[in-house]
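Everything on this sheet refers to the single structure shown next.
Protein chains in written order, with UniProt numbering: chain A, 1 to 368; chain B, 1 to 512.
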């Protein structure tokens, strides 16, 4: 009989091995799935995982998708470490994009060094404003942040749609729901010339470093950890849960808002309804896969970015549905959560105890 | 003793848990109508052994003989069917149900159809054994002592012939203890065997016929407790190399440090206790004790003093300053330290290292500068606490959860003591702690007192209170009795206070 048995101490090895195990299981399941669909699995997996990053352009595209994931994930790490389950990065991202676009559109063709910082700051402020709604509801009305942030995501999406159909719509855009193309002064500079990769990736890496410093060195990072691990110890120590909730959600809003701003001022150059393919949601997987650790989320962002590009590649090259991306992301999270169970538990094979226990001589069954 | 009179016989019981052997070849024999004590320190394996008898866990080796027949107790239902009843330390009663309903839950369905007959049976059994109970009352309205009666009557209605009681006196006042003992003696005379688990030696000596002592999972001795002194039994429990008690010199009280007047606080928790008009004062260099049965407002009083609960008025004055509105950090900065009752999960974060746990309350000791943690200093502070308080661990990087209860408690107390507090509020500091650590903790408290700190000791352990305290009182249902010098306070009087028999006006007289 198989039994799950609690380990005396959590396994550190498995904590770091679990994401790799999950990835291996995802690839193996993908292999079987492609086989079942009648496609060549080796070829499909090559298109999904290898081809997209086999040249400089491909790597630049990978960096382009990594940047928003990493920014969102950095903010979510701050929240999740404190067990504040902020699912709202998607909403913060969209509002950040809208706010940045509003500034970029209103500045018009006016140039100057201050335009881009103003646009980016508008994105950050937009994300923070959106996050502060959930923070207020949590700290003052004790509303569950999972529910409020999810619902706010839908409101954010509708605000974005309103913006591109209304106030921010390009009047000469033949009725398409999108803004004008931004002026050059409002666009992020390229990181590698000749590719679409912009300095948004540097923002992401800086955010990851900031997260590392926050949790390795700062007292507020320590307080966030304590609140997450043990809220009663935090109350005993006198760490204000209210203050820390505001801090975590505002940081989450700021980074996701910046990611949204960097997306419209980077590769897209205008506000469009499909500005996010779900970066804010995927970032949640990134944080768990990356073990809520700076280095981990950098690696996980790159991997999840690859699933976006690989999915597109399969659509083009092998005529597969777009759902492949979501499926790989879903499998990855599913296997990760499964593997994570073995950090605290192990499987033991146990035979049912014979009656009369280990005394074969005892007349078993001869009970009262 | 004849074989037929052996109600329960355990032979060579072994139980392994990951990382430790909780029972290692334990033998135990309980005769019919015998009151048998199972003694041992926390962690000696008493709980595991009784869980094995009651079928909660299965032994890895050994055998259980019940009335002369080897049996396998697969689960508690089987145990009850055999006639084994158990009263856990933490009662398993539904507060929103009546006494009769709670008892009905443990019985076969066909026995509870006739509710009237069941209530009649409950009345008969409870009156026969001097434990008057109204079957229709809701459990939420009962005192701890009455709730314990429900548990015992439940076992008797199930016709148990072996009753296991786990630390039954820890929730009772001295008077209630006396009543309980009368009941148990009568039960024994009627042929019911009783397995009495305790670490209170005087109680065991007055009640029990036989005793089995466990130490580190093994039987370290069988004895007849009436023939031995309490310190002889203690030696069996802890071994030869552990000091058993600490010598306490007389206190030299100084100026008043803490003045609490007309402190009231209304709880929002349906199972919490409101504080009602509490008043007392505490002087530098004295230890004041507050006795009481658990759940009478101790936790709330601690939170109000620590700042986890803040108030609006000016009921709490610390060195003359009203601190009612101050949060915990500000109170700590003024020299008010607290050791909470729960070690893991309030006093310390289980998964964090001892060094990180130092930061929980000692950040103000120069361990953080401009929001940046000074790791080197944190490690030094933690190492200092570990060495000064003899905390047994593999170093300051060990996780809090890897320490034994006693060692973690020494670390938590040391963390507060190393910050030289002016006032230390300690709640149940030796609860669940091994004897050696308890002595070390008592010595640390006395040393702190002699250095001029005021100490408020909230405890359920009356021996501890009498040993350490200069003055003491009791808390009952959120009201605090007057405080009296420990040397003049009889245990009878204290028991009355623990049961709530005091006039709060007396306090005004005592203070005047």
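Backbone N, C-alpha and C define an ideal beta-carbon position, used for all residues, glycine too. All of these numbers come straight from a predicted model, not from anything done at the bench.
Following the DSSP letters along the chain, one finds residue 66(B) inside the beta strand (DSSP E) bounded by residues 61 to 66. With a cutoff of 7 Å on beta-carbon distance, residue 341(B) and residue 428(B) are scored as near each other. Positions of the alpha helix (DSSP H) runs, each at least 4 residues long and wholly inside the segment 154 to 233 of chain B, are given as 174 to 189, 201 to 207 in order along the chain.
The beta-carbon separation of residue 284(A) and residue 87(A), rounded to 7 Å, stays under the 8 Å limit for a contact. Setting aside the 5 residues that flank it on each side, residue 204(B) is surrounded in the same chain by 37, 39, 196, 198, 211, 225, 233, each with a C-beta closer than 8 Å to its C-beta; the list follows chain order. Beta-bridge partners of residue 348(A) (DSSP): 3(A). Put simply, the segment 48 to 61 of chain B does not touch the segment 442 to 456 of chain B. Fewer than three CB pairs are less than 8 Å apart. If you ignore the 5 residues before and after residue 330(B), its C-beta comes within less than 8 Å of the C-beta of 307, 323, all in its own chain and listed in chain order. Using a Cβ-Cβ cut-off of 7 Å, residue 230(A) counts as an interface residue toward chain B, since at least one Cβ of chain B sits closer than that to its own.
Beta-bridge partners of residue 9(B) (DSSP): 29(B), 65(B). For the segment 216 to 230 of chain A, the set of positions with a beta-carbon nearer than 8 Å to some beta-carbon of chain B reads 217, 218, 219, 220, 222, 225, 226, 229, 230 in chain order. Between the alpha carbons of residue 161(A) and residue 256(A) lies a gap of roughly 19 Å. With its beta carbon less than 7 Å from one in chain A, residue 308(B) belongs to the interface. Legend: CB atoms of the segment 313 to 339 of chain B lying less than 9 Å from CB atoms of chain A belong to residues 327, 328, 329, 330, 331, 332, 338. Sequence-distant partners of residue 248(A) (beyond 5 residues in either direction) whose C-beta falls short of 6 Å from its own C-beta, in its chain, are 78, 79, 82, 84. Interface annotation, residue 236(A): in contact with chain B, CB-CB separation under 7 Å. Scanning 332(A), 185(A), 339(A) for the CA closest to the CA of residue 303(A) turns up 332(A). Ranked by Cα distance from residue 439(B), the first of 452(B), 258(B), 407(B), 460(B) is 407(B).
Cα atoms of residue 102(A) and residue 168(A): separation of roughly 7 Å, rounded to the nearest angstrom. Residues of chain B with a Cβ closer than 9 Å to the Cβ of residue 323(A) do not exist, since the nearest Cβ in that chain sits about 39 Å away.
Close partners of residue 350(B) in chain A (Cβ separation under 8 Å): 229, 230. Relative to residue 227(A), the option among 357(B), 275(B), 318(B), 112(B) whose CA is nearest is 357(B).
In the displayed model, residue 182(A) falls within coil according to three-state DSSP, outside both helix and strand. In the structure shown, residue 473(B) falls within a strand segment according to DSSP collapsed to helix, strand and coil. By the neighbour-count criterion, in which 16 or more other beta carbons inside 10 Å mark a residue as buried, residue 98(B) falls on the buried side. A residue is called buried once 16 or more other Cβ atoms fall within 10 Å of its Cβ, and residue 136(B), having fewer, is exposed. Fully contained in the segment 228 to 254 of chain A are the following alpha helix (DSSP H) runs of length 4 or more, in chain order: 231 to 237.
Under a criterion of Cβ atoms nearer than 8 Å, the residues of chain B adjacent to residue 233(A) are, in order, 345, 346, 347, 348, 349, 360. If you check the CB distance, residue 156(A) and residue 263(A) do not come in under 7 Å.
Bridge partners of residue 16(B) according to DSSP: 21(B). The C-alpha of residue 364(B) lies about 34 Å from the C-alpha of residue 474(B).
Residue burial annotation: residue 17(B) is exposed, with fewer than 16 other C-beta atoms found within 10 angstroms of its C-beta. Nearest CB-CB separation between residue 53(B) and chain A: not below the 7 Å threshold.
As the crow flies, the alpha-carbon of residue 16(A) is around 10 Å from that of residue 339(A).
Judged by DSSP in its simplified three-state form, residue 431(B) adopts coil rather than helix or strand.
Counting only residues of its own chain and dropping the five nearest sequence neighbours on each side, residue 489(B) has a CB closer than 7 Å to the CB of 472.
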